[in-house]
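In this note's numbering, the protein residues as written are 100 to 195.
C-beta: ideal position from N, C-alpha, C; glycine also.
Below is the structure:
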């Protein structure tokens, strides 16, 4: 199943810089691991914001919940999720 996931990050202003750096490093490693596995198919930054729009390719809602709730930045995110399906007018064969 494909899902569009929008994530907006809200790190507390009083969080120590070294803690933020550690969380961001773990977030990057985990996100890249999921991309390598093909679970996190697309990742785009939203210009002018600490946010992203992503496409996940997972078995079901439960797998998506497990993956995004394991993100190190998850406690500091506002997340919206929308399930996607192939559009009949798409010319791309990999739009599953």
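The stretch 177–185 and the stretch 128–139 do not touch, with fewer than three beta-carbon pairs separated by less than 8 angstroms. Each of 111, 102 and 100 was checked against the Cα of residue 173, and the nearest Cα belongs to 111. DSSP links residue 102 through a beta bridge to 155 and 182.
Here DSSP, grouped into helix, strand and coil, assigns residue 150 to strand. Closest option to residue 100, judged by alpha-carbon separation, among 169, 168, 129 and 161: 161.
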